[in-house]
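Protein sequences appear in the order of chains X and W.
Quick note on full-length UniProt numbering: the first sequence kicks off at 1 and runs consecutively.
Quick note on full-length UniProt numbering: the second sequence kicks off at 1 and runs consecutively.
Each residue gets a CB set at the ideal place from its N, CA and C atoms; glycine is no exception.
Beneath this line is the structure, given in structure tokens, with notes to follow.
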Amino acid sequence: MLTVFLTNCRIIDPYNHKDEIGSIYIKDGKIEGVGPDVPEPEQCPKLDLKGKWVSPGLIDIHCHLREPGEEYKETIDTGTMSAVAGGFTTICPMPNTKPPNDCAAITRFILDRARAVDRARVLPIAAITKGQKGEEITEFGDLISNGAVAFSDDGVPVKRANVMRLALEYSLNFDCVIISHSEELELAGNGVINEGKMSILLGLRGIPNAAEDIFVYRDIRLAETTNGRLHIAHVSTKEAVKIIREAKERGVKVTCETAPHYFSLTEDAVDGYNTLAKMNPPLRTEEDRLAIIEGLKDGTIDCIATDHAPHSILEKECEFERAANGIIGLETALPLGIELVRNGQLSPLKLISLFTKGPSMVLNLDFKGFKVGEIADLVIIDPEREFTVTPESLYSRSHNTPFLGRQLKGRAIATVYHGKCSFDLDGMLSSCERRS
Amino acid sequence: MKHLLGIRQLEREEIEAILRQAEAFKEVLERPIKKVPTLRGKTVVNLFFEPSTRTKLSFEMAAKRLSADTVSISKSMSSIEKGEDLIDTVKNIKAMKTDCFVIRHPATGAAHMIARYTGCPVINAGDGINEHPTQALLDCFTIKEHFGGFKGLRIAILGDIFHSRVAHSDIMALKKLGAECVVAGPGTMLPPHIEVLGAKVEYSVKKAVKGADCIICLRIQRERQGGIPLFPSVREYANFFGLYPEVLEFAKEQAVIMHPGPINRGVELDPQLADSSRSLILDQVTAGVAVRMAVLMMLLSARETL
Numbered sequence: 001m002l003t004v005f006l007t008n009c010r011i012i013d014p015y016n017h018k019d020e021i022g023s024i025y026i027k028d029g030k031i032e033g034v035g036p037d038v039p040e041p042e043q044c045p046k047l048d049l050k051g052k053w054v055s056p057g058l059i060d061i062h063c064h065l066r067e068p069g070e071e072y073k074e075t076i077d078t079g080t081m082s083a084v085a086g087g088f089t090t091i092c093p094m095p096n097t098k099p100p101n102d103c104a105a106i107t108r109f110i111l112d113r114a115r116a117v118d119r120a121r122v123l124p125i126a127a128i129t130k131g132q133k134g135e136e137i138t139e140f141g142d143l144i145s146n147g148a149v150a151f152s153d154d155g156v157p158v159k160r161a162n163v164m165r166l167a168l169e170y171s172l173n174f175d176c177v178i179i180s181h182s183e184e185l186e187l188a189g190n191g192v193i194n195e196g197k198m199s200i201l202l203g204l205r206g207i208p209n210a211a212e213d214i215f216v217y218r219d220i221r222l223a224e225t226t227n228g229r230l231h232i233a234h235v236s237t238k239e240a241v242k243i244i245r246e247a248k249e250r251g252v253k254v255t256c257e258t259a260p261h262y263f264s265l266t267e268d269a270v271d272g273y274n275t276l277a278k279m280n281p282p283l284r285t286e287e288d289r290l291a292i293i294e295g296l297k298d299g300t301i302d303c304i305a306t307d308h309a310p311h312s313i314l315e316k317e318c319e320f321e322r323a324a325n326g327i328i329g330l331e332t333a334l335p336l337g338i339e340l341v342r343n344g345q346l347s348p349l350k351l352i353s354l355f356t357k358g359p360s361m362v363l364n365l366d367f368k369g370f371k372v373g374e375i376a377d378l379v380i381i382d383p384e385r386e387f388t389v390t391p392e393s394l395y396s397r398s399h400n401t402p403f404l405g406r407q408l409k410g411r412a413i414a415t416v417y418h419g420k421c422s423f424d425l426d427g428m429l430s431s432c433e434r435r436s
Numbered sequence: 001m002k003h004l005l006g007i008r009q010l011e012r013e014e015i016e017a018i019l020r021q022a023e024a025f026k027e028v029l030e031r032p033i034k035k036v037p038t039l040r041g042k043t044v045v046n047l048f049f050e051p052s053t054r055t056k057l058s059f060e061m062a063a064k065r066l067s068a069d070t071v072s073i074s075k076s077m078s079s080i081e082k083g084e085d086l087i088d089t090v091k092n093i094k095a096m097k098t099d100c101f102v103i104r105h106p107a108t109g110a111a112h113m114i115a116r117y118t119g120c121p122v123i124n125a126g127d128g129i130n131e132h133p134t135q136a137l138l139d140c141f142t143i144k145e146h147f148g149g150f151k152g153l154r155i156a157i158l159g160d161i162f163h164s165r166v167a168h169s170d171i172m173a174l175k176k177l178g179a180e181c182v183v184a185g186p187g188t189m190l191p192p193h194i195e196v197l198g199a200k201v202e203y204s205v206k207k208a209v210k211g212a213d214c215i216i217c218l219r220i221q222r223e224r225q226g227g228i229p230l231f232p233s234v235r236e237y238a239n240f241f242g243l244y245p246e247v248l249e250f251a252k253e254q255a256v257i258m259h260p261g262p263i264n265r266g267v268e269l270d271p272q273l274a275d276s277s278r279s280l281i282l283d284q285v286t287a288g289v290a291v292r293m294a295v296l297m298m299l300l301s302a303r304e305t306l
């Protein structure tokens, strides 16, 4: 367990609306003191964190760990390592594993593996429908009793509106959130990139924004009908942001997330048939990108999720149309978010809130932020730290990111999970752990 | 120019250089002995993963006229059928000391991908619904031969613009050379944002043809449409989107007709118009060999001069 006195740091705690310079005293893994006036304890290792931020551990509400079934892409071991290297102490893997997480046995397997690794909190999201086939809903009660925290058929939409309605109605019994993968499949057709300038220039079939917008509206309408709690995954279009904003104003119980690539990149990133930038929903236009940032600023978008989607070289080094969708994101999410702070688009407190309190509220998690007596769960961030994204620099088993070769600024330098140091870029905390 | 992957990657000067070189080779094709030793000892591999008669034959003939050795591989005889991936197939063929790949593939970007993984020149002979650059170059060659240049010309392209790699390459090439391009066809076959390539969109074929110097009709490619039909019937297509004498009247008096072939006679083009003196369709076929000779020569023997 960690014992250390972190001083001179910028404490950013959205749970308690705090952004102040102060100290955090961690003793035997628990927070003993936090704030501007914490007296320095005697015989305790001290770290001067001038210029660094300390925030509660980040939460990723949407990632893929590929275990069980595709361990050659990622495992719970490598995925949690990637998570803590990116500053996340809590991650929610989506159910599209092989087999899919649609029953308690798979949920338990994921939790057992996570417990054995013991590096970050893993909160599995279970499938809405059996086999993610969109036909029959899963045993929500049993799955929640066994550790599932929400339901989604991520990767595929629940095509039949009446099945989605049933899921939202049944979710009321368990006060859980239903996460929508919003995609009108027939309209998306065989599309592989955004329908627009690049689909014409590259001669690839496009996916129109409407394929997302129509489904977002359908599910919002169903949430309104049932009074169920709906969360829209990976929002990527200007119109979807607008539809969600209006629904929230009407009082519909809807929340949503976006991923860092949708506020950092546009469809231009796929030029040259760059399969590393191929994803679903696809990268959109500059107009959409700016609307996403606006949605983050005004609170329409509740949280930033990574949609970390590891793939091996086998799925990416091939014809564009055959290449798998998705990019890894756990280790680049925070620096890309910090870019918004540097551009003056978000305050540090707002950014950290999108990575902590936002996802916590979507899932109704009982997190309190920095409170005396609570077990330490935090990340130390150096907002000025520069690094180049290379395969060697990544902890994920996969390297499928369009940011390869890009120099990013700002990153997690240490992550503390459950009172113990689970990531320590410069080795500054490990020594404190040894001395404790 | 290391490869010919698409018109998008070419500068106007490069297109003009290819057309100039093709002129010289067209003269070679008129000789009693239609062969030059330019590429003696070089090996050109034709990888055709989609059925093709004309383009494949045209490339083979072009290579042979330049004294290159040619090998043709189709999907059914390749290890792709056994599940090997395209990159591995190409790497193996390259290891047999190939000098050039000509590839036709149903996946957009396949030629670009091969270019990334091989050191030798790659010519795109049609990829997915993307580009067919040599067809555009031969179309430009035919137009230039007939009109002497491109400035002030209005070219109408009719039919399935969405699925036509010929249309995409034609629009870009003609635009780069200074011609005006207008496209028309059923709304379901006009892709959104096509104006990005520099084409004007008309929903009425007559409006598109009005004042045109040249009309390029495209083949209906039912095999690419899949799923829901993109127009209600062949009869309706022929009535509203085909080129027939009463539509041609809207064009300039001396307007000419082109078609990349094979023609669905009586559907997109009136059978008699296809064989009339206003048709340049067979000139296009001849131009194809000369243009492909020019491209092969420029990529394989004079790369440093480009």
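Using three-state DSSP, classify X:Gln407 as helix, strand or coil. Strand, per DSSP.
Using a cut-off of 7 Å between C-beta atoms, extract the partners of X:Lys197 located in chain W. His193, Val196
Interface partners of W:Thr108 on chain X, CB under 9 Å: Val192, Leu202, Gly203, Leu204, Arg205, Tyr273, Glu319, Phe320, Glu321
For X:Gly22, count the other beta carbons within 10 Å of its own beta carbon; 16 or more makes it buried, fewer makes it exposed. Which is it? The residue is buried, with at least 16 neighbouring Cβ atoms inside 10 Å.
For W:Glu304, decide whether its Cβ has a neighbour in chain X, counting only Cβ atoms nearer than 8 Å. For W:Glu304, the pLDDT reaches just 40, beneath the cut-off of 50, and the residue's location in the model is therefore unreliable, leaving the point undetermined.
Should the stretch 106 to 115 of chain X be called in touch with the stretch 385 to 401 of chain X, which here means at least 3 C-beta pairs below 8 Å? Fewer than three beta-carbon pairs drawn from the stretch 106 to 115 of chain X and the stretch 385 to 401 of chain X are found closer than 8 Å, and the two stretches are therefore not classed as touching.
X:Asn194 in three-state terms, based on DSSP: strand
Within chain X, partners of W:Leu230 - CB distance below 7 Å: None at all; the shortest Cβ gap to chain X is about 12 Å.
Chain X partners of W:Leu86, CB-CB under 8 Å? Cys318, Glu319
Excluding five sequence neighbours on each side, which residues of the same chain lie with their C-beta closer than 7 Å to the C-beta of X:Arg218? Ala161
In its own chain, which residues sit with a C-beta less than 6 Å from the C-beta of W:Phe48, not counting the 5 before and 5 after it? Lys56, Ser74, Arg104
Beta carbon proximity, W:Gly128 to chain X, threshold 8 Å: yes
I'd like to know whether the C-beta of W:Met113 is nearer than 8 Å to at least one C-beta of chain X. yes
By how many angstroms is the C-alpha of X:Glu294 removed from the C-alpha of X:Thr225? 28 Å
Flag this pair as yes or no: are the beta carbons of X:Ile214 and X:Glu184 separated by less than 8 Å? yes
What would DSSP say about X:Tyr262, mapped onto helix, strand or coil? helix
Below 8 Å between beta carbons: does that hold for X:Asn96 and X:Asp154? Going by C-beta atoms, X:Asn96 is nearer than 8 Å to X:Asp154.
Under three-state DSSP, which class holds X:Gly141? Here X:Gly141 sits in helix by DSSP.
For the stretch 249 to 257 of chain W and the stretch 274 to 287 of chain W, state whether three or more C-beta atom pairs, one from each stretch, are separated by less than 8 Å. yes
Given this structure, state the Cα-to-Cα distance separating residue 307 of chain W from W:Leu269, to the nearest angstrom. No information on residue 307 of chain W is available, as it lies outside the stretch 1 to 306 that chain W covers here.
Is there a Cβ from chain W that is less than 8 Å from the Cβ of X:Gly405? no
Which two residues bound the contiguous beta strand (DSSP E) that contains X:Ala127? Unbroken run through X:Ala127: none, as it is neither H nor E.
Taking Cβ to Cβ, would you say W:Ala125 is nearer than 8 Å to W:Val102? Between W:Ala125 and W:Val102, the C-beta spacing is below 8 Å.
For W:His168, return the contacting residues in chain X, with the cut-off set at a CB-CB distance below 7 Å. Gly203
To which residues does DSSP link X:Asp37 through a beta bridge? Partner(s): none; X:Asp37 has no beta bridge.
Note down, in chain order, every chain X residue with its Cβ under 9 Å from the Cβ of W:Glu11. Listed along chain X, no residue sits closer than 9 Å to W:Glu11 by beta-carbon distance, the nearest being about 16 Å off.
Using only the alpha-carbon positions, how far apart do W:Leu29 and X:His181 sit? CA-to-CA, the gap between W:Leu29 and X:His181 works out to about 59 Å.
Using a beta-carbon distance cut-off of less than 9 Å, what residues from the stretch 213 to 224 of chain W approach chain X? none
So, helix, strand or coil for W:Arg303, using DSSP? For W:Arg303, the pLDDT reaches just 48, beneath the cut-off of 50, and the residue's location in the model is therefore unreliable, leaving the point undetermined.
Just how far apart, CA to CA, sit X:Ser145 and X:Pro124? 12 Å
Beta strand (DSSP E) segment containing X:Asp13, residue limits: 4 to 13
Span of the beta strand (DSSP E) holding X:Asn162? That residue, X:Asn162, is in no beta strand (DSSP E); its alpha helix (DSSP H) goes 161 to 171.
Is DSSP giving X:Ser82 helix, strand or coil here? helix
So which of X:Lys52, X:Thr78, X:Thr3, X:Asp13 has the shortest CA-CA distance to X:Arg35? Rather than Arg, the amino acid found at residue 35 of chain X in this sequence is Gly. Nearest option by C-alpha distance: X:Asp13.
Please report the distance separating the alpha-carbon of X:Ser436 from that of X:Met1. Residue confidence is low: X:Ser436 scores 43 on pLDDT, short of 50, so the model does not pin down where it sits. No coordinate-derived value is stated.
Counting only beta-carbon separations shorter than 8 Å, does W:Arg104 have a partner in chain X? no
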